[in-house]
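The numbering of the sequence shown is the working numbering, which starts it at 2 and goes up by one. Below is one structure, written out as structure tokens; the observations come after it.
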Amino acid sequence: MVYAPAKTRIPWEDRFNRPSLHDLREHYNSQMSRLLDQARERLLSFEGAQEEIAWEGVAWRWTFVYRLANDPTRAWAYLVPHPENPRLAIPMTTPMVEALPRRRLKKYITEGVATAKRVGDIHWASWEVANKTNLDEVLDLAKRKYKFINESAGGGRH
Numbered sequence: 002m003v004y005a006p007a008k009t010r011i012p013w014e015d016r017f018n019r020p021s022l023h024d025l026r027e028h029y030n031s032q033m034s035r036l037l038d039q040a041r042e043r044l045l046s047f048e049g050a051q052e053e054i055a056w057e058g059v060a061w062r063w064t065f066v067y068r069l070a071n072d073p074t075r076a077w078a079y080l081v082p083h084p085e086n087p088r089l090a091i092p093m094t095t096p097m098v099e100a101l102p103r104r105r106l107k108k109y110i111t112e113g114v115a116t117a118k119r120v121g122d123i124h125w126a127s128w129e130v131a132n133k134t135n136l137d138e139v140l141d142l143a144k145r146k147y148k149f150i151n152e153s154a155g156g157g158r159h
């Protein structure tokens, strides 16, 4: 009997083996690896931000999860090392979305917020991060969420 060779999965897809940082970067070219590294570095630069690699289901698989102590959402941000391009998700409560200065935000961000899936009181907005401009725009939103959380909790600033 002839068996088909086992399909090789990239580490991002393999639920049963926790990948390392290296494993999650290896499928990218050097430009995308740098972009992923910049995203991680900048997210971790926020005071109190903590990173972990966690399995987040079939859609996001192994993902970098960023948490803040006073965040009312499950996590402050998710950096998904999707094989095509990294993706950044910023879950927000309805009060967070309502507090956004929509006229000051880039169209790329406002469209992402407007089309975000809503589960309960959480808007699950996410964006593909294909270049530094996309990264800067999404990180501006992460900074706004960070500020909202800290002001609501009476905490400090970034």
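Ideal placement from N, C-alpha and C gives every residue a C-beta, glycine not left out. Note that the structure is a prediction, hence the values are computed from the model and not measured.
Cut-off 8 Å between Cβ atoms - residues of its own chain near residue i, not counting five sequence neighbours on either side
| i | result |
| --- | --- |
| Leu89 | Ala40, Ala78, Tyr79, Leu80, Val81, Ser127, Trp128, Val130, Leu136, Val139, Leu140, Ala143 |
| Arg158 | Note that Arg158 scores a pLDDT of 46, beneath 50, so its modelled location is shaky; the value from the coordinates is reported in the next line. Lys148, Asn151, listed in sequence order. |
| Glu53 | Phe65, Val66, Arg68 |
For residue j and residue i, believed in contact at Cβ under 8 Å, the rounded distance
| i | j | result |
| --- | --- | --- |
| Ile150 | Leu45 | Incorrect: roughly 16 Å between the Cβ atoms, too far for contact. |
| Met97 | Lys146 | 6 Å |
| Ile123 | Thr74 | 6 Å |
| Leu36 | Arg26 | Their Cβ separation, rounded to whole angstroms, is 10 Å, which puts Leu36 and Arg26 out of contact at 8 Å. |
Top-ranked residue by Cα proximity to residue i, from the options
| i | options | result |
| --- | --- | --- |
| Tyr67 | Val59, Glu42, Glu85, Ala60 | Glu42 |
| Trp13 | Trp125, Gln32, Pro87 | Pro87 |
| Phe17 | Ser31, Val59, Glu48 | Val59 |
| Asp24 | Ala50, Gly49, Phe47, His83 | His83 |
| Thr95 | Arg119, Phe47, Gln51 | Arg119 |
| Gln51 | Met33, Ala76, His28, Pro20 | Ala76 |
Cβ neighbours of residue i in the same chain (closer than 7 Å, five flanking residues each side left out)
| i | result |
| --- | --- |
| Thr111 | Arg103 |
| Gly49 | Leu69, Ala70 |
Sequence-distant residues of the same chain with beta carbon closer than 6 Å to residue i, five excluded per side
| i | result |
| --- | --- |
| Ser71 | One detail in the question is off: residue 71 reads as Asn in this sequence, not Ser. Within the same chain, Asn71 has close Cβ partners Ile150, Ala154. |
| Thr116 | none |
| Lys107 | Glu138 |
| Trp61 | Val81 |
**Request:** Return the chain-ordered ranges of every beta strand (DSSP E) run that is complete within the stretch 18 to 55 and spans a minimum of 3 residues.
**Result:** The qualifying runs do not exist here; there are none.
**Request:** Please go through the stretch 54 to 139 and give each complete alpha helix (DSSP H) segment of 4 or more residues, from N-terminal end onward.
**Result:** If we require 4 residues or more, the alpha helix (DSSP H) runs fully inside the stretch 54 to 139 come out as 58 to 61, 95 to 99, 108 to 115.
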